[in-house]
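These notes are about the structure you will find just below.
2 protein chains.
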Amino acid sequence: MRAVFFVSDSTGITAETLGSALLANFPGARFERHTIPFLGSVTSVDAVVARLRRSATDGDAPIVFATVKDAGIRRRLADAGAVVIDLLAGHLTELEAELGATAETRAGQYHGLGDLEQYFRRMRAVEFAIEHDDGQSGRDLASADVIIVAPSRCGKTPTTMYLALHYGLLVANYPLTDDDFPTDGLPRIVAPHADRCFGLTTTALRLSQVRHERRPQSTYASLAQCTLEIRRAEDLYRRTRIPFLSSATRSVEEMSAVILQSMNLRDRPRERPTP
Amino acid sequence: MRAVFFVSDSTGITAETLGSALLANFPGARFERHTIPFLGSVTSVDAVVARLRRSATDGDAPIVFATVKDAGIRRRLADAGAVVIDLLAGHLTELEAELGATAETRAGQYHGLGDLEQYFRRMRAVEFAIEHDDGQSGRDLASADVIIVAPSRCGKTPTTMYLALHYGLLVANYPLTDDDFPTDGLPRIVAPHADRCFGLTTTALRLSQVRHERRPQSTYASLAQCTLEIRRAEDLYRRTRIPFLSSATRSVEEMSAVILQSMNLRDRPRERPTP
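In structure tokens form, the structure reads like this:
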């Protein structure tokens, strides 16, 4: 087990996300992971240096994925015997050369009025998503940027929340149930907004696994029922010409990226993902 | 306006997140941003190369933040006259040298059974968060990893969703209202779980701004009311010795990172943030 530290002078989210993505390319290796946020403010540099030294003497040098702006602190991590992979500072130097400007490495980029507007947008989006989860409300559906439709347990709710939280989009989701068939169209409440609908599907096997987790041995979770519902849903998507996507082998992040792309929501003014 | 492209063979989330964090260090410059996900699969490399060439002839070379594993594709982007800042491949080379192994640059790291378990966890967490938003349910509160308490509009809901979605934690949140005062303790329903409570506060001015957005010119949004509620809430946190944090100058990500750290939830087995 190789010790890996995600070390940051801020939240550690970027270090953890990019570092994990990099490590995933080495499926043969095993890693013991630690995240250390707020280095230099909440977390003492001395304590981390001591921890790296202990870890280094146990065998292989620990690997540190660092998003730390202070060059002095980065040097101290390297001097502690760690392999420091610098995710930030090298790229800042590239950018400085290209932009002909010096990076202002101030802490905290989230203050000020611009953020207050973003914050309102994000809060409103999350509240809209909660209110409109699983077809609970038809109120103000005309304001929705996207309405995700799918049979139960195809991944509507996490995808909705991801889009709301990260992009400040107003996202509703609506379940396709047996009651919606055998009619030919979309459920009555969402039909007027078909241009903003996006369908999810999955494989019958995967849906059955997911449903067994919720209600083991039920008809609801049976392979026959899942096969039927998936077939009906996909027929409906094709007939009503709404775009759709299988969640079977995709993460919530991947589904969100496809939906943004497919519905042309990328180039609208919106909140960017924040580090 | 300098053209900036976040280009990825996957979702583009890492390129967009890290690229935006890097650009934030140059507040004097203005950027026109474009995100191009799924390069080489959904998105044609030829089309992107042509777009970069057009953008390059308009003036300054476009800046490309790339998470693209294929070296041939990266070369084509650079040949199109773009400044390519490679966020991934250089670090993979560093890791290969350190681990003495070759990176397996396969697409899609989210398949398989491990992901199904993560998926269940994440889905359950988001559903728990929706069910327990704003004190709506006291059911199964004993299972909560964290219970966020705060006056209305201090940022409980987005922080709850972030922790649920990204870390698969079971997070409830509970509002502190006038009804909860002048008693000396936490609200009756959450009091038995004080060890898992975390308080949010903010400045009276900020709270008043946020509340005016929801109910302009109300008593609820008045500076006097906000001052009173903030003071009472902070007194309560101190008296009951629950950790707390101000959301006034912090992003949802920063608040989540502090809560994880403060409640020792980082080193529990959990879902890592995914790229």
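Protein chains in written order, with the numbering used here: chain L, 235 to 509; chain F, 235 to 509.
C-beta: ideal position from N, C-alpha, C; glycine also.
Proximity to residue i [Cα-Cα], best of the options
| i | options | result |
| --- | --- | --- |
| valine 405/F | Ile307/F, Glu330/F, Arg355/F, Ala255/F | Arg355/F |
| threonine 248/F | Phe299/F, Thr393/F, Ala281/F | Phe299/F |
| lysine 303/L | Ile319/L, Gly293/L, Arg288/L | Ile319/L |
| proline 416/F | Ala467/F, Thr301/F, Ile307/F, Asp313/F | Ala467/F |
| proline 392/F | Arg288/L, Asp418/L, Ala359/L | Ala359/L |
| arginine 267/F | Thr474/F, Asp367/F, Leu399/F, Val241/F | Val241/F |
| serine 481/F | His325/F, Leu470/F, Val444/F, Arg473/F | Val444/F |
| serine 490/F | Thr453/F, Arg472/F, Phe432/F, Asp243/F | Phe432/F |
| leucine 326/L | Leu252/F, Leu286/F, Tyr471/F | Leu252/F |
| threonine 411/L | Arg465/L, Ile476/L, Ala281/L | Arg465/L |
| glycine 389/F | Thr435/F, Glu361/F, Val380/F | Thr435/F |
| arginine 309/F | Thr277/F, Val283/F, Ala331/F, Ala258/F | Val283/F |
| valine 383/L | Asn407/L, Arg500/L, Ala363/L, Pro477/L | Asn407/L |
| serine 244/L | Tyr401/L, Val276/L, Gln352/L | Val276/L |
| alanine 428/L | Leu333/L, Arg473/L, Asp368/L, Ala398/L | Arg473/L |
| glycine 324/L | Ala305/L, Ala455/L, Val317/L | Ala305/L |
| glycine 274/F | Arg287/F, Ala290/F, Ile307/F, Ala263/F | Ile307/F |
| leucine 204/L | Glu250/F, Asp418/F, Ala258/F, Arg449/F | Because chain L is modelled from 235 through 509, residue 204/L falls outside the range shown and cannot be assessed. |
| arginine 475/L | Glu463/L, Leu462/L, Arg448/L, Asp418/L | Asp418/L |
| aspartate 280/F | Ala314/F, Gln370/F, Gly262/F | Ala314/F |
| valine 492/L | Gln352/L, Asp469/L, Tyr396/L, Leu462/L | Tyr396/L |
| glycine 262/F | Leu286/L, Ala335/L, Leu256/L, Arg287/L | Ala335/L |
| proline 385/L | Glu250/L, Tyr401/L, Leu479/L | Leu479/L |
| aspartate 368/L | Thr394/L, Leu399/L, Leu470/L, Tyr401/L | Thr394/L |
| leucine 375/L | Met357/L, Glu487/L, Ala331/L, Ala425/L | Ala425/L |
Sequence-distant residues of the same chain with beta carbon closer than 6 Å to residue i, five excluded per side
| i | result |
| --- | --- |
| aspartate 414/L | Pro421 |
| arginine 236/F | Phe265, Asp294 |
| leucine 322/F | Thr301 |
| valine 238/L | Phe265, Arg267, Ile297 |
| glutamine 459/F | Thr453 |
| glycine 246/F | Phe240, Thr269, Pro271 |
| phenylalanine 260/L | none |
| histidine 366/L | Ala406 |
| arginine 500/L | Leu494 |
| alanine 455/L | Ser442, Arg445, His446, Arg449 |
| glycine 372/L | Ile423 |
| leucine 347/L | With a pLDDT of 45 at leucine 347/L, under the threshold of 50, the predicted position of this residue should be treated as unreliable, and no value is reported. |
Delimiting residues of the alpha helix (DSSP H) encompassing residue i
| i | result |
| --- | --- |
| serine 490/L | 486–496 |
| isoleucine 464/F | 457–473 |
| alanine 249/L | 247–257 |
| leucine 321/F | Segment: none, leucine 321/F is in no alpha helix (DSSP H) and carries neither H nor E. |
| alanine 305/F | 305–313 |
| alanine 300/L | Element bounds for alanine 300/L: not the alpha helix (DSSP H) but the beta strand (DSSP E), 297–301. |
| threonine 453/L | Element bounds for threonine 453/L: n/a, residue is neither H nor E. |
Cross-chain neighbours of residue i in chain C, by beta carbon under 7 Å
| i | result |
| --- | --- |
| proline 392/F | Protein chains L and F are contained in the structure displayed, whereas chain C is not. |
Three-state secondary structure assigned by DSSP to residue i
| i | result |
| --- | --- |
| valine 238/F | strand |
| glutamate 338/F | coil |
| valine 279/L | helix |
| leucine 434/L | strand |
| serine 244/F | coil |
| leucine 441/L | helix |
| leucine 273/F | strand |
| alanine 384/F | strand |
| phenylalanine 478/F | strand |
| threonine 417/F | coil |
| leucine 397/F | helix |
| valine 424/F | coil |
| histidine 366/F | coil |
| alanine 378/F | coil |
| aspartate 294/F | coil |
| glutamine 343/F | The pLDDT assigned to glutamine 343/F is 47, lower than 50, so where the model puts this residue is not dependable; a value taken from the coordinates is nonetheless given after this. Glutamine 343/F: coil per DSSP, three-state reduction. |
| phenylalanine 260/F | coil |
| alanine 284/L | helix |
Boundaries of the beta strand (DSSP E) in which residue i is found, first to last residue
| i | result |
| --- | --- |
| arginine 267/F | 265–270 |
| alanine 406/F | 405–410 |
| threonine 483/F | Counting along the chain, threonine 483/F falls outside any beta strand (DSSP E), and DSSP gives it neither H nor E. |
Sequence-distant residues of its chain with Cβ nearer than 8 Å to residue i (five each side left out)
| i | result |
| --- | --- |
| arginine 329/L | Reading the sequence as shown, one finds leucine at residue 329/L and not arginine. Ala337. |
| leucine 457/L | Ala438, Leu439, Ser442 |
| alanine 378/F | Phe362, His366, Leu404, Val405, Ala406, His427, Arg430 |
Close Cβ partners of residue i (< 7 Å) along its chain, the five nearest in sequence each way excluded
| i | result |
| --- | --- |
| arginine 484/L | none |
| methionine 497/L | Val380, Phe432 |
| alanine 312/L | Val318 |
| serine 289/L | Ala237, Pro296 |
| glutamine 343/L | Its pLDDT being 47, under 50, glutamine 343/L is placed unreliably in this model, and the value from its coordinates should be taken loosely. So the list is empty, once near-sequence residues are dropped. |
| glutamate 250/L | Phe240, Thr269 |
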